[in-house]
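Right, one structure below, let's go through it.
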Amino acid sequence: MERPIVMSTIKRAPRELGPTGRPFPRLAEPRHVDRHGPARVIALCNQKGGVGKTTTTINLGAALADFGRRVLLVDFDPQGALSVGLGVNPMELDRTIYNALMERKVTVDDVLLKTNLPGMDLVPSNIDLSAAEVQLVGEVAREQTLKRILEPVLGDYDVVLIDCQPSLGLLTINALTASHGVIVPLECEFFALRGVALLIQTIDKVKERLNPQLELEGILATMYDGRTLHGREVLARVVEAFGDKVFHTVVNRTVRFPETTVAGEPITTFAPSSAGADAYRDLAREVVARCLAG
Ligand SMILES: Nc1ncnc2c1ncn2[C@@H]1O[C@H](COP(=O)(O)OP(=O)(O)OP(=O)(O)O)[C@@H](O)[C@H]1O
Ligand SMILES: [Mg+2]
């Protein structure tokens, strides 16, 4: 009797789909670097308030510093939330980024502060910065002021993250002019996409008129709740609109983030084994692979 032919199939473990509906890439731990700089400058930008710009600046910065990158965080919001989130009381500071912007003799080095995290420094801000928005209007090359003052320190860092205020005014235009790339955090709720077209238009205009190197690095979905149909639908619409520009990493909504603000430290040190810390480490891996070229 003839023996039946047994067809053997090669079994491959299916790549797990991430929350964005695409296979989640397996990204290795970024290799440590021996030499630092010049920095890639990335603005965290969305004129909508409360979408996770500051939270992302702190935690992406901390995760990159953990991976051995030298990181400078620039608080470019007069509310000073980035400074507060790192345990600094901005109202007690004599000099902030405002002074570096407006006074010829004050440099970024004069105002920067070391954070508790090795490899991560902060240029703080406070309410004084709101005056710069008005005062800069009368300056020559008013859109290039931040770029000019950051230039001397770029050689000391691998990445500079600029936390923008929720507006598309002159301060944000300065941040976009000083940057190589933009990351746009989007809160996964119904109105997430409202206003994004205007933001993309603004980025395009800055690229055309002031800063040809500017690139949209990626869209980061934040405050995601995958248990609700609504959350999943919003994320699907974001992926439909922006495709591969959407980071595979999605940050879930969790009370751990407001807690870290109160504690004045990144989630990667406050709750290192939390899902939130994992998410920002994943994002840092993606940012290294996508924006920092290994
Ligand atoms: N993934 C998250 N889950 C839950 N809460 C979050 C998350 N990310 C940020 N938050 C909280 O939401 C609030 C707004 O976040 P954040 O300050 O980062 O936004 P923002 O875009 O910088 O706001 P603004 O436009 O006012 O500068 C903060 O209280 C923060 O702790
Ligand atoms: Mg903020």
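Residue numbering for the sequence shown follows our numbering, beginning at 314 and increasing consecutively.
Ideal Cβ positions, reconstructed from N, Cα and C, are used throughout, including at glycine.
DSSP state of residue i mapped onto helix, strand, coil
i      : result
Arg353 : strand
Phe570 : helix
Asp388 : strand
Pro403 : helix
Leu483 : helix
Leu395 : helix
Leu489 : helix
Leu330 : strand
Check: residue i C-beta below 7 Å from any heavy atom of ligand 1
i      : result
Lys460 : no
Lys649 : Nothing in the structure corresponds to residue 649, since the chain is present only between 314 and 607.
Met536 : yes
Thr485 : no
Arg566 : yes
Ala394 : yes
Phe570 : yes
Asp390 : yes
Pro479 : yes
Gly539 : no
Gly363 : yes
Residue i: first and last residue of the uninterrupted alpha helix (DSSP H) it sits in
i      : result
Leu605 : No alpha helix (DSSP H) contains Leu605, which DSSP labels as neither H nor E.
Leu474 : From DSSP, Leu474 is part of no alpha helix (DSSP H) but of the beta strand (DSSP E) over Val472 to Cys477.
Thr581 : Ile580 to Phe583
Ala282 : Nothing can be reported for residue 282: it is not among the residues displayed for the chain, which extend from 314 to 607.
Range covered by the beta strand (DSSP E) that runs through residue i
i      : result
Val495 : Gly494 to Glu500
Val563 : Val559 to Asn565
Closer than 7 Å: residue i CB and nearest ligand 2 heavy atom
i      : result
Lys520 : no
Thr574 : no
Lys366 : yes
Ala375 : no
Ala356 : no
Presumed contact (8 Å Cβ cut-off) between residue i and residue j, rounded CB distance
i      : j      : result
Arg346 : Val473 : Checking the sequence, you will find Val at residue 346 rather than Arg. That belief does not hold up - the Cβ atoms of Val346 and Val473 are roughly 16 Å apart, past 8 Å.
Leu596 : Leu373 : 6 Å
Phe583 : Thr573 : 5 Å
Asn650 : Thr562 : Coverage of the chain is limited to positions 314 through 607, which leaves residue 650 absent and any answer about it impossible.
Val551 : Gly531 : 11 Å between Cβ atoms; not a contact.
Asp388 : Leu463 : Rounded, the Cβ-Cβ distance is 13 Å, inconsistent with contact.
Glu329 : Pro338 : 10 Å between Cβ atoms; not a contact.
Tyr470 : Pro332 : Contact doesn't hold; Cβ gap of about 31 Å is too wide.
Interface flag, residue i vs chain B, CB-CB below 8 Å
i      : result
Ala588 : Looking at the structure shown, chain B is missing, and only one protein chain is on hand.
Residue i beta carbon near ligand 3 (any heavy atom closer than 7 Å)
i      : result
Asp476 : Only ligand 1 and ligand 2 can be found as ligands here, which leaves ligand 3 out of the picture.
Discussion item. At 3 residues or longer, what runs of the beta strand (DSSP E) sit wholly inside the segment 408-468?
Written reply: The segment 408-468 contains these whole beta strand (DSSP E) runs: 433-436.
Discussion item. Extract the residue ranges of the beta strand (DSSP E) inside the segment 517-554, only unbroken runs of 3 or more that lie entirely within it.
Written reply: The segment 517-554 contains these whole beta strand (DSSP E) runs: 528-537.
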